[in-house]
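4 protein chains.
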Amino acid sequence: MISSAPQALKPRKRPQQRRASATLDAIFEATIQLLVKNGLSQLTTTRVAERAGVSVGTMYQYFPHKQALIYAVNERYLELLAERIEATCRECQGNRSGDMIEALIETYWKAKTDKPDVTRALYRSVVEMDNEALISAFAARTDAAVTTMLASASDNDGSDARSNTRTLVTIIFGAVRNSFERGHSGDVAEDLRRQLVIMCRGYLERHVR
Amino acid sequence: MISSAPQALKPRKRPQQRRASATLDAIFEATIQLLVKNGLSQLTTTRVAERAGVSVGTMYQYFPHKQALIYAVNERYLELLAERIEATCRECQGNRSGDMIEALIETYWKAKTDKPDVTRALYRSVVEMDNEALISAFAARTDAAVTTMLASASDNDGSDARSNTRTLVTIIFGAVRNSFERGHSGDVAEDLRRQLVIMCRGYLERHVR
Amino acid sequence: MISSAPQALKPRKRPQQRRASATLDAIFEATIQLLVKNGLSQLTTTRVAERAGVSVGTMYQYFPHKQALIYAVNERYLELLAERIEATCRECQGNRSGDMIEALIETYWKAKTDKPDVTRALYRSVVEMDNEALISAFAARTDAAVTTMLASASDNDGSDARSNTRTLVTIIFGAVRNSFERGHSGDVAEDLRRQLVIMCRGYLERHVR
Amino acid sequence: MISSAPQALKPRKRPQQRRASATLDAIFEATIQLLVKNGLSQLTTTRVAERAGVSVGTMYQYFPHKQALIYAVNERYLELLAERIEATCRECQGNRSGDMIEALIETYWKAKTDKPDVTRALYRSVVEMDNEALISAFAARTDAAVTTMLASASDNDGSDARSNTRTLVTIIFGAVRNSFERGHSGDVAEDLRRQLVIMCRGYLERHVR
DNA sequence: GATGAATGAGTGTTCATTCAT
DNA sequence: AATGAATGAACACTCATTCAT
């Protein structure tokens, strides 16, 4: 769990029954669809409820207010993303650091470009929100996973792991977001990805040089 | 000029008198202050006008609607930013490419961290807007400046200039944004900046190696 | 039903519960009162809601916009008026045509002068509105009733029923409206009514002559 | 002059110079065009001024407020209409009453159907206005003209002239208006006009019968 | 528990009117 | 006299949130 949600943004209750979970899923799905379709500014609680097939009242049983809904959707999204990153990091234990970072880029890139509409919609939705906790938690979690991974690298050269990790992660995540914002075409994006790999590999090997 | 604003978002009129220009400045200033203070969702036309010391009606003489105001504020911001980047690019003509990119990072970083509140507020405000034209124009302009600069590098190795530029620019701008989002402290940010320089230098020198 | 309301002007929903029906009545009543008191130009949705004892929001559940409200009020008014006319036409089946038209004039006159304020207010409110559908439907309905009635007249002379009906109805309705506009006093109006009867009787008997 | 305008609605000043008169004409023309095009609800003082080629300020020199403008436009329109009616009445002096009324109908009908758009637009514009004075004055004037005309009829039968006039005028004017409202086609309107003549002739001859 | 009708504060926008230039 | 920028009260309409059923 990306757990440190500010109290105010936490969902009122956790799903405990299968039924509730299905409802929650429907709400999340509806929210994302509407975010993709019309953006945050057009998202109304009524419309979400309608599309999710529940009443507004019911929705308010799960989320104390609209913000909490948006928060939760992003939380869930980042949760899945973090899991994928952690999985990759686990799988690369002991590899060469260059291969590690290439795998990380690959995973992150795929996760983001898989459903680009959703990615874009969530990038946008997260903005008007007290999202620091969310971002911090996600950052902490991915940093930890990447640091651990790099520490296990067969060519670990003992340079500052925290700094390296932070740099790499910040650059990779930032580049992807910026690529989205610039509206890069598939080809351009692919080239960028390759260059990014080259750049990161070079960065990791710099001490060897 | 970051000129290709969609018709709907264009300001209604350009200030032609000293007075009008002052009014426009006041409106921009008020908008930014309020964005910094409370974010886009709390920004109302009335409040902007009030703080700018004009009436709502006057504001609507300059901007056909709220969106156009936000658009103009960002346009103006990017205009200044682009100018600074272009200036740097001009100054570095003929230098070594590594030094060029270091200067570019330095300029961009400074511009963004100078008033971090404003940077953050505008990053957020631009999101819920038809901002593609804005971003594209800015991207095109900076890409052109950087490409020209790199082409003049004393150690120009003839590698694909467009791809190199795109990569470098996307990574630098993305990293800065992500650093803001993660809420990096001054020290951390400074380290990131240094690492970014190292990484970009390495990238440029890779063919030499 | 005066049914052919343009889509845009249709009420959002029909009252399905007792409560909703009462609410709707209250809204109509409030609207009419305010129209009588201050005219259409002073009629605000807030004031209507206030006087009806509901919130604006509730009003907007029934009517998608102000126009639809005005439309509905007139629709309802014309519905009742049409019913009264049809009733009279039914009752007069088989009578002499002169008596028929006298009864028609009597009914219409009474309906209009019963609450002259309301009549006047609605005459005015209907003007700034896409009211053609309303007027056409009402015209078609009354024409049909009158034509049927006249066809059953014991002294039916076989002259062009459609033309006769149209002429009579247009003249009667027009005269009443004009009488209202001129602000005729009770005596004058009463005289006009009598003269109108004489004139229409004469018109119907012209072929006999 | 249809003179008894309530003080508040009177234009601020009368045109005394050729130039002012031209301006006034332009304003009137612009107003009518806009009324025809978009109706009273879309008519703004700014747009009128713009189309008339003067500044708003200038317009306010001639009319103390928007209402006065609308009032004046209608006043002028009714002035011309009254003149045409009076002319017809004068020309028919000494004729047979049936011919008189046919000429009256002809004149009125022509005046109204000549520019049906304008007629309709003014019918509508006059509604949201303190127009009683206007209507009364027009009624008094036309009644006087018609009464005088009828009194001179070669077949004058000495029946109540005031009542006859009022009846005829109310019916004719009312029928025309109602015909407009019902949106009668040319053919239908023409038939109505003929029937109206028949009806009025019959009414006038009733005592003879 | 679930519903969805009702609420009403809040917002973007218009436009008649004024008045400094 | 003429202008048109500035004003700001006013209004239609939305939508997050509540709560009676």
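Chains as they are written, first to last, in my numbering: chain A, 24 to 232; chain B, 24 to 232; chain C, 24 to 232; chain D, 24 to 232.
The C-beta atom is built at its ideal place from N, Cα and C for all residues, glycine as well.
With a threshold of 8 Å between beta carbons, A:E204 makes contact with chain B.
With 16 or more other Cβ atoms from the protein chains shown falling within 10 Å of its own Cβ, B:Q218 counts as buried.
Contact annotation: D:R229 and D:I124 have beta-carbon atoms that are not nearer than 8 Å. Taken in chain order, the members of the region 51 to 63 of chain C whose beta-carbon sits within less than 8 Å of a beta-carbon on chain D are G62 and L63. Around the C-beta of D:L103, fewer than 16 other C-beta atoms lie within 10 Å, and the residue is accordingly described as exposed.
Interface with chain B (8 Å Cβ-Cβ cutoff): A:I93 is excluded. Using a CB distance cut-off of 8 Å, A:V211 counts as an interface residue toward chain B.
Neighbours of B:E151 across chain A, judged by C-beta separation under 9 Å: G62, L63, S64, R147, V150 and E151. DSSP places C:D153 in no alpha helix (DSSP H); its state is neither H nor E.
S186, N187, R189, T190, T193, I194, F196, G197, A198, V199, R200, N201, S202, E204 and R205: these are the residues of the region 180 to 205 of chain B whose beta carbon lies less than 8 Å from some beta carbon of chain A, given in chain order.
In the three-state DSSP reduction, D:Q65 falls in the helix class (H, G or I).
Taking one beta carbon from each stretch, the region 139 to 150 of chain D and the region 79 to 90 of chain D have fewer than 3 pairs nearer than 8 Å; the two do not touch. Within the region 79 to 149 of chain C, no run of beta strand (DSSP E) reaches 3 residues while sitting entirely inside it.
In chain order, Y131, W132 and K135 place their CB closer than 7 Å to the CB of B:V199, counting only its own chain and leaving out the 5 sequence neighbours on each side.
Against chain A, the beta carbon of B:E155 has neighbours under 7 Å at G206, listed in chain order.
Residue environment analysis places B:T69 among the exposed positions, since fewer than 16 neighbouring C-beta atoms fall within 10 angstroms of its C-beta.
Leaving aside the five residues that flank B:G76 on each side, the residues in its chain whose CB is nearer than 7 Å to its CB run, in chain order, A49. B:S182 sits in coil when the DSSP states are folded into three classes, being neither helix nor strand. Apart from sequence neighbours up to five positions away, the residues of its chain that approach D:A53 with a beta-carbon distance below 6 Å are V71, R74 and A75, ordered along the chain. By the C-beta criterion, the region 166 to 179 of chain D is judged not to be in contact with the region 168 to 187 of chain C, since fewer than 3 inter-stretch pairs fall below 8 Å. When the five nearest sequence neighbours on each side are left out, the beta carbons in the same chain lying within less than 8 Å of the beta carbon of D:G117 are those of S175, A176 and S177, in order along the chain.
A distance below 8 Å between beta-carbons, with the five flanking residues on each side excluded, links D:A162 to the following residues of its chain, in chain order: V192.
Looking at B:E98, B:I195, B:R205 and B:L157, the one whose alpha-carbon comes closest to that of A:I158 is B:R205. Annotation: C:R229 is outside any alpha helix (DSSP H) and is labelled neither H nor E by DSSP. In the structure shown, C:V71 falls within a helical segment according to DSSP collapsed to helix, strand and coil. By the rule that beta-carbons nearer than 8 Å mark a contact, C:D122 does not touch chain D. Around C:I158, the beta-carbon contacts reaching into chain D at under 8 Å are E204, R205 and G206. From the beta-carbon of B:I108, no residue of chain A is found nearer than 8 Å; the closest lies around 15 Å away. Judged by beta-carbon spacing, A:S64 lies beyond the 8 Å limit of B:E109, meaning their Cβ atoms are not closer than that value. Taking C-beta separations shorter than 6 Å and ignoring five residues to either side along the sequence, the partners of B:S148 in its chain run L58, L63 and I93, following chain order. If you draw a 10 Å sphere on the C-beta of A:V79, you find fewer than 16 other C-beta atoms in it, and that means exposed. When DSSP states are grouped into helix, strand and coil, D:V192 belongs to the helix group.
Its Cα nearest to that of D:P139, the residue D:S202 stands out among D:S202, D:T46 and D:R216. Around the beta carbon of D:S44, a 10 Å sphere encloses fewer than 16 other beta carbons of the protein chains shown; the residue is thus reported as exposed.
Between B:L47 and B:K60, the alpha-carbon positions lie close to 20 Å from each other.
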